[in-house]
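For reference, the structure is listed below as structure tokens.
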Amino acid sequence: MLATPNDAQFSNTGLYGLTKIAAPSAWDLSTGSSAVVVADIDTGLKYTHEDIAGNAWINPGEIAGNGVDDDANGFVDDIYGADFYYNDSNPADEHGHGTHTAGTIGAMGNNLLGVVGVNWSVKIMAIKIYDSDGYGTTSAMLVNAYSYIKQMKDRGINIRVTNNSYGGCDEACSYDQATKDGIDALGNAGILNVFAAGNDNSNNDAVPSYPVSYTSPSILGVASSTNTDARSGFSNYGVQTVDLAAPGSGIYSTTWATNSSYGTMSGTSMATPHVAGAAALLSAYNPALSVPSLKATLMNTVDVLAGWTSFVKTGGRLNIDSALRNQTVCNFMIGSGSMTVPTKGGIFTVNLTPGTNCDYTVKSNSSWIV
Numbered sequence: 000m001l002a003t004p005n006d007a008q009f010s011n012t013g014l015y016g017l018t019k020i021a022a023p024s025a026w027d028l029s030t031g032s033s034a035v036v037v038a039d040i041d042t043g044l045k046y047t048h049e050d051i052a053g054n055a056w057i058n059p060g061e062i063a064g065n066g067v068d069d070d071a072n073g074f075v076d077d078i079y080g081a082d083f084y085y086n087d088s089n090p091a092d093e094h095g096h097g098t099h100t101a102g103t104i105g106a107m108g109n110n111l112l113g114v115v116g117v118n119w120s121v122k123i124m125a126i127k128i129y130d131s132d133g134y135g136t137t138s139a140m141l142v143n144a145y146s147y148i149k150q151m152k153d154r155g156i157n158i159r160v161t162n163n164s165y166g167g168c169d170e171a172c173s174y175d176q177a178t179k180d181g182i183d184a185l186g187n188a189g190i191l192n193v194f195a196a197g198n199d200n201s202n203n204d205a206v207p208s209y210p211v212s213y214t215s216p217s218i219l220g221v222a223s224s225t226n227t228d229a230r231s232g233f234s235n236y237g238v239q240t241v242d243l244a245a246p247g248s249g250i251y252s253t254t255w256a257t258n259s260s261y262g263t264m265s266g267t268s269m270a271t272p273h274v275a276g277a278a279a280l281l282s283a284y285n286p287a288l289s290v291p292s293l294k295a296t297l298m299n300t301v302d303v304l305a306g307w308t309s310f311v312k313t314g315g316r317l318n319i320d321s322a323l324r325n326q327t328v329c330n331f332m333i334g335s336g337s338m339t340v341p342t343k344g345g346i347f348t349v350n351l352t353p354g355t356n357c358d359y360t361v362k363s364n365s366s367w368i369v
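Note that numbering that gives the first Met the number 0 gives residue 332 to position 333 of the sequence shown, counting from 1, and the numbers run on in steps of one.
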């Protein structure tokens, strides 16, 4: 049995990505949940769009239009999210990229209108980091955006995933510790961060593309595939630094021109929301999954494809149905340990058996342990 939504344009060939990732089979198990929030860090959101409005996140701590920062988070009337390019509370899309990625994550399903996202039901928090031309964000803006998301998570908003369809020299051509720290803080708060691999037809193993190339257990890097499961000619890759592929060429989704407009775009930016949406759907199906478990499940259940074994770590393309049915639970149990302490210094060895693709970070709270 395959769940088939009644959305008017569900048969559009530009929605092939949903079939490729086996979403209709997954929808037999779950179509998503309004309890799950995805923070879409992009050009903003057309939150009045006919296929987005019902899935747009609304801040429960704010009273719209009263000119008061009701929830005391530093933004007055941040109803739908926040804008970190203009540093205000209006993340309305002026470009279109963000509304397109949001539609792939969660255009409303089974509503007789337009398209459908990976999630029929979800909440999308709009985090704007670009101007109307789709340019201009800085590392400082990213850090502020990450801080806002973490603050809202700490306040009880159930943000499980961030979608990050950006990268390269628009943000930072080189390593930036503050940006990495912000991403790590989100991961530690229980948020999986899904990043685009980049559109330079470049090997990220050889030439890092940030932010996706930061080494962080909460980052899931995504390359772009075509409707024939080939690598999109523009897509970056890397068997060590890019985790999996997802459809990103010729993707049809919501656009910003009017409240009922739709269109086609291509890029790893379009591949990434398929994976972010899948992570949200998986979180709806099993709310108990940790960040390591979400990441490992999505990686361990790809459709392994011969053409991808030399391009991404998993050698395959996202399969959300397989992910829902074959979950990986990462348990970081200490297998054994030993310590020798000579007069000065010492070594403590811990053997972990976490499971396949269960990433972790080892930290110490003791100043005498390095």
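Backbone N, C-alpha and C fix where the C-beta goes; we use that ideal spot for every residue, glycine too.
In this text the structure is predicted, and so the values were computed from the model without any measurement.
*Which two residues bound the contiguous alpha helix (DSSP H) that contains residue 33?*
First-last for residue 33: 31-41, but that is the beta strand (DSSP E), not the alpha helix (DSSP H).
*residue 324 lies in the alpha helix (DSSP H); which residues open and close that run?*
Segment 319-324, the alpha helix (DSSP H) holding residue 324.
*asked:* Let's test the definition: count the other Cβ atoms within 10 Å of the Cβ of residue 371 and tell me whether it reaches 16, buried, or not, exposed.
replied: Because the chain spans 0 through 369 in this model, residue 371 falls outside it and cannot be assessed.
*Close beta carbons around residue 273, own chain, < 7 angstroms, minus the five adjacent residues each side*: Excluding positions up to five away in sequence, the list reads 16, 20, 103, 117, 245, 246, 317.
_Going by DSSP, what residue range makes up the beta strand (DSSP E) through residue 290?_
Boundaries for residue 290: no beta strand (DSSP E) harbours it, while the alpha helix (DSSP H) harbouring it runs 290-299, taken from the DSSP string.
*Contact between the stretch 234-244 and the stretch 203-218 (3+ Cβ pairs under 8 angstroms)*: Output reads yes: the stretch 203-218 touches the stretch 234-244.
_For residue 151, would you say it is in contact with chain C, using Cβ-to-Cβ distances shorter than 7 angstroms as the test?_
Protein chains in the displayed structure number just one, and chain C is not present.
*First and last residue of the uninterrupted alpha helix (DSSP H) at residue 271*: Membership of residue 271 in the alpha helix (DSSP H) is indicated by the continuous run 267-284.
*Would you mind listing the beta strand (DSSP E) stretches within the stretch 107-176 that are 3+ residues and don't spill past its ends, in chain order?*
DSSP assignment within the stretch 107-176 yields the following whole beta strand (DSSP E) runs of 3 residues or more, N-terminal first: 120-127, 158-163.
*Taking DSSP as the reference, what is the three-state secondary structure of residue 187?*
Residue 187: helix per DSSP, three-state reduction.
*When the Cα of residue 283 is compared with those of 7, 33, 8, which residue comes out closest?*
Looking at the Cα atoms, 33 is the closest of the given residues.
*Note down the Cα distance separating residue 260 from residue 140, rounded to an integer number of angstroms.*
So the alpha carbons of these two residues sit roughly 29 angstroms apart.
*Considering only the beta carbon of each residue, do residue 229 and residue 306 sit closer than 7 angstroms?*
Contact: yes.
_Can you look up residue 54 in the DSSP assignment and give me helix, strand or coil?_
Correct three-state label for residue 54: helix.
_Using a 10 Å radius around the Cβ and a threshold of 16 neighbouring Cβ atoms, would you call residue 330 buried or exposed?_
Its Cβ having fewer than 16 others within 10 Å, residue 330 is exposed.
*asked:* Are there any heavy atoms of the ligand NAP lying less than 6 angstroms away from the beta-carbon of residue 222, as far as the coordinates show?
replied: The ligand NAP is absent from the structure shown, which contains no ligands of any kind.
*How about residue 271 and residue 234: are their beta carbons less than 7 angstroms apart?*
Their beta carbons are not under 7 angstroms apart, which means residue 271 does not touch residue 234 by this criterion.
*Starting from residue 95 and walking both ways along the beta strand (DSSP E), at which residues does that stretch end?*
Counting along the chain, no beta strand (DSSP E) covers residue 95, and no H or E run does either.
*With respect to the alpha helix (DSSP H) encompassing residue 16, which residues constitute its N-terminal and C-terminal limits?*
Run containing residue 16: 15-19, per the alpha helix (DSSP H) assignment.
*asked:* Suppose the cutoff is 8 angstroms on Cβ atoms and the five residues either side in sequence are ignored; what does the same chain contact list for residue 152 look like?
replied: The residues are 158, 185, 188, 189, 190.
*Straight-line gap, residue 35 to residue 253 (C-alpha atoms, nearest Å)*: Going by the C-alpha atoms only, they are around 20 angstroms apart.
*DSSP three-state call for residue 253: helix, strand or coil?*
For residue 253, the three-state secondary structure derived from DSSP is strand.
*asked:* At the level of alpha carbons, what is the spacing between residue 343 and residue 178?
replied: For residue 343, the pLDDT reaches just 49, beneath the cut-off of 50, and the residue's location in the model is therefore unreliable, although a value from the coordinates is still provided. Their Cα atoms are separated by approximately 36 angstroms.
_Closest Cα partner of residue 250 within the set 30, 115, 25_ = Closest by alpha carbon: 115.
_Please state the DSSP three-state secondary structure of residue 78._
Here residue 78 sits in coil by DSSP.
*For the alpha helix (DSSP H) containing residue 244, list its first residue and its last residue.*
First-last for residue 244: 243-246, but that is the beta strand (DSSP E), not the alpha helix (DSSP H).
_Please list the terminal residues of the continuous beta strand (DSSP E) segment that includes residue 222._
First-last of the beta strand (DSSP E) with residue 222: 218-224.
_residue 261 - partner residues in DSSP beta bridges_ = For residue 261, the pairing in a beta bridge is given by DSSP as 253.
*Quick one, which of 48, 298, 223 has its alpha-carbon nearest residue 112's?*
The shortest C-alpha separation from residue 112 is found at 48.
_With three or more beta-carbon pairs closer than 8 angstroms as the criterion, would you say the stretch 209-228 touches the stretch 69-88?_
Segments in contact, no.
*Short check: CB of residue 145 to CB of residue 181, under 7 angstroms?*
Closer than 7 angstroms, so yes.
*Are the beta-carbon atoms belonging to residue 91 and residue 43 less than 7 angstroms from one another?*
Yes; because the gap between Cβ atoms is below 7 angstroms, this pair is in contact.
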